[in-house]
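The block underneath contains the structure these notes are about, expressed in structure tokens.
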Amino acid sequence: MFKWVTKKFNKLKQQQKTIENKLTETIVEDKQISKNLMANKQIFKQIFDRCGEIWFREFELGTNPPIKMMAFGLDGMLLTDQVNENVLKPLMTIEGMINELKPNNVMDMVKNKLIPVGEIKTSRQVSKISDGVLAADLALLIDGCDNAILLGVKGCEKRAMSEPETEPTVRGPRDGFIENILTNVTTVRRRIRSSRLKSEYLEVGLLSKTEVAIVYIEGIADNKVVQEVKDRIRRIDTDMILESGNIEEFIKDDWVSPFPQILSTERPDRVSAHLVEGHVAVFVDNTPFVLIMPVTFFHFLQSSEDYYSGFAIGTAIRLLRSFAVIIALLGPSLYIAITTFHQAMIPTTLLFSIAKAREGVPFPAMLEAFIMEVTFELLREAGVRLPRQVGQAVSIVGALVIGDAAVSAGLVSPSMVIVVAITAISSFAMPSYPGAIVLRLLRFVFMFLAGTLGLFGITLGLMGLFIHLCSLRSFGVPYISPIMPLTLKDWKDFIIRLPIWAMNTRPKLIGYKNYKRMGYDQAPQRPKQRETRGED
Amino acid sequence: MLDNGKISWKQITLLIVLARFILTLSFLPFFSAPPKNQDLWISTILSFPLQLMVALPIFIIAKRFPNMSLIHVLKSYLGKFGSFIGFLYAWFFLHSSALTLREFGEFLTTSPYPETPIIVFMSISILFAIPTVRYGIEVIGRIAEIIFPIIMFSVFLVVVLLAKDMDFKQVFPICEDGILPIVSGAFILASRTKEFLFIGFLMPFIKNSKNIKKSIIYASMILSLSSAIISLIVLTTFGIEQAKNRTFAFYSAVRLICVGNFFERIDAIYIGIWVLGIFVRVAIYYYLTVIVTAWILDLKDYQPLVLPIGAIIVSLSILMADSIVELEKFLSYKIYTWYQLLFSVAIPVLFLLFMAIKKKEPKKT
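Line order of the protein sequences matches chains Z and B.
Sequential numbering of the first sequence, starting at 500, is according to the working numbering.
Sequential numbering of the second sequence, starting at 4, is according to the working numbering.
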């Protein structure tokens, strides 16, 4: 049996190996353009055959005798005004430099004196030129030159920066990332105006050629982590990257674990704060979600607003959130365990009222909880996917069916409705969506354990959870790091948050290369002289 | 190296304390042993120096051969005979983990879950222990570091909540039967701390092996202090006569907790916390069984041993005794003390004597 499986598996593997990737062969790597414009034109016309968005424009340089030129680019991704005003116009109507232009220095003259465009590259390789054109550069070919000029005049449609919908805050900056990688990286650069902020660009995906930027602060981020991130991204061999989630799945440490090991965020302030602490950020083109690594579990419990409100408020909110996490994970299972196995734990009067409410309910508590939780998850999922105009219908149905009808029909007990409602609210209190969804998934496991083994089952489940969390690492950093390994200095920014001036060191396991962060003893002090204003 | 994990001296200290303390917490075996009167809290404190003596032979061996486990030392000096002694230790650890599992199952089926068959608890616990053992010593050490504060905090909570039920007159008269029973009680208590063997066997995994002296001292200190606290709690709430007759005396004490008519019957939570601790104990003995066997047999990988040894542990724990009465007979101080001393003191001392006499060079294997 086992042998048979391995045999089949090996066969499959070999089959996969024989299917070579044919896509790589369409563009010849080393082919170079020639001096003949007509021949070059033929090459590119062939490459961009049936690509409707590519336009070709042949024109003549305003010299005497005229030199033939050709420009081509991607329609819709170039700034048409700039192309006309700054590229085509100066070339066609050369003013005052007619005598200086000779056929042998056309290239340099065009590059250095004629085109007022900042970003200019030259290339000979056909593949590079075509890649550049597809990445929204304008290509210029000159008759008699075996070099092409690539001009950066890109300007495609992009969304305006708006407040991130997944991580709203009451106080804090209102800008969120958009789908353009360059805008996103520069948004971070605006916050960290230092040359230490390094950004390295890679291309991932055979077809999509998605731009990926690895951003970190030199001297703070661990070089080993940066190298590891780069290596893991370079190792990706795929045709398409649609979202940073795809990259995340390729590079995360433990693919079996449901726990998110990489933080994704839409907030530039959050990314900047993490960069300064020594994390590495990975920006992916075409998505507003930026990946941050390495992270610990407790980063998913933090919101950037914790740092903007006062430290007492921040701490209180974080404590509340930690409590919410426990409820979201264990709420229904504790209820099941206590009502089915350990009734003695409940005070007598409460026990009577629960027993009264459960009277006539046909299902055991576990089944009841399962029905309610599944219904709630269905409602939530439907609410997310529905078009907004119909969304209200779901909430009406949910409120009526779950809240009222199910109870009055005697299918579920009112106390179970309360438990499910509290759990649902608690699971939304977690600021990170991927973190919350894991808790929701594990909740069902715990409910099953509680229904079969009571509190003993819950303890075993917690034990399993601890073991799993202890074995996880995110880019070398233990996943539950301020607790295990115990680093008390990092508890300043954990479930409590000390005042900003007290957080004078970076996290020990992530930013240990540049440990000190700010001066000591910066606590605001009362003025030494007694102020007498308003008393005279 | 079979396992690349590393643990710190703090973690090994906590492992020793947890593994030793957690069974005491429920079974309180010292109530049935001498001095058999209200002086037993004195013997728990007196056990501190005696525990250090128990740990001494292991400490000497560990100091002499850092980065080598006891198995490797035995094998390199005694060859085949060393492997035989190694097998004895493997049996000892196997037996210990099966014993723990059985006691744990007995506790759960006696008190909170009388209708569930005992094999359910045992097999489920082993099922959860299997991945732990597969992850290796590093995860076990980390788990111990997480669970230790939880257990200590809960004991502290019990002390606070039970304070109003305690009657310190129960402690008097002190030294009713003279000093000798107290000392022998302390000796029996100390002999039960076979967990110092962990240091001998986990030496290759300890990060900074210079600190093992500190580790032994701290572990004995925490152990004798916490045993003293537990025995005082039980003694002052029940009195010695009642306490002796209860199988799970501390558990009964926790059941008495009642604050303000709504915070009561927290025994279920206590069971939960206790399960966490027992789990660490089962896991560490299970792991030691597996890794010792792998070392003796010179295996390259210990993973294939995990599942079969787990199955053996479960079946052994069921077959070892017919009932809890039989089990307690074996665990009583008259038999169990000598059984443990054989492994934790006698064999290491004999080996040290052998080395002192022969002054042999290690055999090259």
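C-beta atoms are modelled at their ideal positions from N, C-alpha and C, and glycine is treated no differently.
This one's a predicted model, so the numbers in the text were calculated from it and none came from an experiment.
- Counting along the chain, the unbroken beta strand (DSSP E) around K697/Z starts and ends at L696 to V703.
- Think of a sphere of 8 Å around the beta carbon of T505/Z: no beta carbon from chain B falls inside it, the nearest being about 17 Å out.
- Inter-residue distance for I48/B and L238/B is about 15 Å (C-alpha atoms, whole angstroms).
- Residues of chain B whose Cβ lies closer than 8 Å to the Cβ of F955/Z are, in chain order, L111, P115, Y116, F124, I274, G275 and V278.
- Taking 9 Å as the CB threshold, P977/Z lines the interface with chain B.
- Under the DSSP assignment, K332/B falls in the alpha helix (DSSP H) whose first and last residues are I327 to L334.
- For chain Z, the residues of the region 147 to 165 of chain B that bring a beta carbon within less than 8 Å of one of its beta carbons are E148, I149 and I150, in chain order.
- With the criterion set as a beta carbon lying under 7 Å from some beta carbon of chain Z, the region 199 to 221 of chain B has no members that meet it.
- What T958/Z touches in chain B, judged by beta-carbon distance under 7 Å, is G275, V278 and L279, going in chain order.
- Comparing alpha carbon positions, the residue from F869/Z, D903/Z, L948/Z and L649/Z closest to I619/Z is L649/Z.
- With fewer than 16 other CB atoms across the displayed protein chains lying within 10 angstroms of its CB, I182/B is exposed.
- A straight line joining the alpha-carbon of I10/B with that of M155/B spans about 21 Å.
- S194/B and G313/B have their C-alpha atoms some 27 Å from each other.
- The alpha-carbon of S223/B is positioned some 9 Å away from that of L53/B.
- Taking a contact as a CB-CB distance under 8 Å, the pair I122/B and I321/B counts as one, their CB atoms being some 6 Å apart.
- Comparing alpha-carbon positions, the option among F208/B, F204/B, M56/B and R284/B lying closest to L192/B turns out to be M56/B.
- Scanning the region 228 to 297 of chain B for uninterrupted alpha helix (DSSP H) segments of 4 residues or longer gives 243 to 248 and 252 to 258, listed from N- to C-terminal end.
- Taking 8 Å as the upper bound for CB-CB distance, I732/Z and I750/Z are in contact here, some 6 Å apart.
- Distance from M946/Z to F869/Z at the Cβ level is roughly 7 Å; contact confirmed, criterion being Cβ atoms closer than 8 Å.
- Going by DSSP, Y305/B is part of no beta strand (DSSP E) at all; its letter is neither H nor E.
- Separation of V632/Z and K653/Z (C-alpha to C-alpha, rounded to the nearest whole angstrom) is 10 Å.
- At a beta-carbon threshold of 7 Å, the residues of chain B lying near F965/Z are I146 and I149, ordered along the chain.
- Between N70/B and S212/B a beta carbon distance of about 7 Å is seen, short of the 8 Å cut, so the two are scored as contacting.
- If you look at A854/Z, you'll find it in the alpha helix (DSSP H) that goes T847 to R857.
- Comparing alpha carbon positions, the residue from I825/Z, P831/Z and K1007/Z closest to V918/Z is P831/Z.
- Looking from the CA of I276/B, the closest CA among T16/B, V257/B, P60/B and W341/B belongs to V257/B.
- Under DSSP, the beta-bridge partners assigned to S973/Z are V976/Z.
- Between the region 811 to 828 of chain Z and the region 918 to 938 of chain Z, the count of Cβ pairs shorter than 8 Å is three or higher; the stretches touch.
- Straight-line measurement puts the Cα of S218/B at about 55 Å from the Cα of I677/Z.
- Using a Cβ-Cβ cut-off of 7 Å, L985/Z is close to E148 of chain B, given in chain order.
- Under DSSP, W554/Z shares a beta bridge with G572/Z.
- Contact of A949/Z with chain B is not assigned, every C-beta pair being separated by 9 Å or more.
- The continuous stretches of beta strand (DSSP E) do not include M1017/Z, and DSSP gives it neither H nor E.
- Interface residue (Cβ-Cβ distance to chain B less than 9 Å): P861/Z is not classified as such.
- If you draw a straight line from the Cα of F862/Z to the Cα of I835/Z, it comes to about 12 Å.
- Note that the C-beta distance between S229/B and V158/B is below 9 Å.
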